[in-house]
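One structure is given below, encoded as structure tokens.
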Amino acid sequence: MLIQVRSAGGLKELQAKLNEVTNLRARIKEILADIERTLGNESRSDAELRQRLGVNCHRIASNGLTEPFLKEMAKARTALTSTLEEDKISKKKFGENWQSIETLSKPEKELYALFPPRPNRLGDKTPEAMSFLLKLLDKAQEIKCERVELLKEINAKRTSTPVDDMIPIISQSKFCSDDTIIKEKLKEICDPIKEEVDKSLKKQTTLMNDVEVILFRKTLREFF
Numbered sequence: 001m002l003i004q005v006r007s008a009g010g011l012k013e014l015q016a017k018l019n020e021v022t023n024l025r026a027r028i029k030e031i032l033a034d035i036e037r038t039l040g041n042e043s044r045s046d047a048e049l050r051q052r053l054g055v056n057c058h059r060i061a062s063n064g065l066t067e068p069f070l071k072e073m074a075k076a077r078t079a080l081t082s083t084l085e086e087d088k089i090s091k092k093k094f095g096e097n098w099q100s101i102e103t104l105s106k107p108e109k110e111l112y113a114l115f116p117p118r119p120n121r122l123g124d125k126t127p128e129a130m131s132f133l134l135k136l137l138d139k140a141q142e143i144k145c146e147r148v149e150l151l152k153e154i155n156a157k158r159t160s161t162p163v164d165d166m167i168p169i170i171s172q173s174k175f176c177s178d179d180t181i182i183k184e185k186l187k188e189i190c191d192p193i194k195e196e197v198d199k200s201l202k203k204q205t206t207l208m209n210d211v212e213v214i215l216f217r218k219t220l221r222e223f224f
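FYI, in full-length UniProt numbering the residues of the sequence shown are 1 to 224.
In structure tokens:
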């Protein structure tokens, strides 16, 4: 917003541009009115001339000459009406935000003077902030320990050979295929681990969101 206001020239320049648009629209309306009067005079002169000359009048009818101009005028009036509505919206927004625009138009020295004083490094370390950071560190350590245990469990499951346990089940089963039994056994082994992994990933996502909030706040303090 600051860059946009300054690149546009500030409050005075924006106000001048709005006034310029209004004046330009008024001038276009005057030009259209002049053209309309000229075409009207041409049409009346043509009618009078035809009335006087009667059948001896062989000139092209005025309507045939002025029709293209009338079409272009209609387009211009439509465009003018459209820009009028846009101008109303722009002026409304300008009126609602002129105080903010005026503030952002100030010189940088005055603008920075409006910002709250930047807290020093010791001031940043409030008990609440330190408590929150310590909680994040505890969560990170907790997730790390959980990951270590999960890896141990996964390695244990991977190195174990449940095939020997499954042979009696397969041999005794008369209705299920070998593939079905194996899939069920693998599901029984893997699903609990998958649930634990999903829980750990959710905790990690929550932790990263909290870290992003802290980084965002730090960036704001450094900016101001």
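Even for Gly, the Cβ is constructed at its ideal location relative to N, Cα and C.
Query	Result
Between which residues of its own chain and Ala-79 is the CB-CB distance below 6 Å, once the five residues before and five after are set aside?	none
Indicate the three-state DSSP secondary structure (helix, strand or coil) for Ala-76 in the structure shown.	helix
Just checking, does the stretch 68-82 make contact with the stretch 49-58 on the three C-beta pairs under 8 Å criterion?	no
Out of Phe-132, Glu-149, Glu-48, which one is the CA nearest neighbour of Ser-62?	Glu-48
Could you work out which residue in Asn-155, Glu-72, Phe-94, Val-148 is closest to Lys-17 when comparing CA atoms only?	Phe-94
Should Asp-34 be labelled buried (16 or more other beta-carbon atoms within 10 Å of its own) or exposed?	exposed
My output table needs one value for Arg-59: the three-state DSSP class, helix, strand or coil.	coil
Hey, how far is the Cα of Lys-144 from the Cα of Lys-187?	26 Å
Does the distance from the C-beta atom of Glu-196 to that of Leu-150 stay below 7 Å?	yes
Considering Cα atoms alone, identify which of Glu-13, Gly-40, Leu-32, Met-208 is closest to Ala-76.	Leu-32
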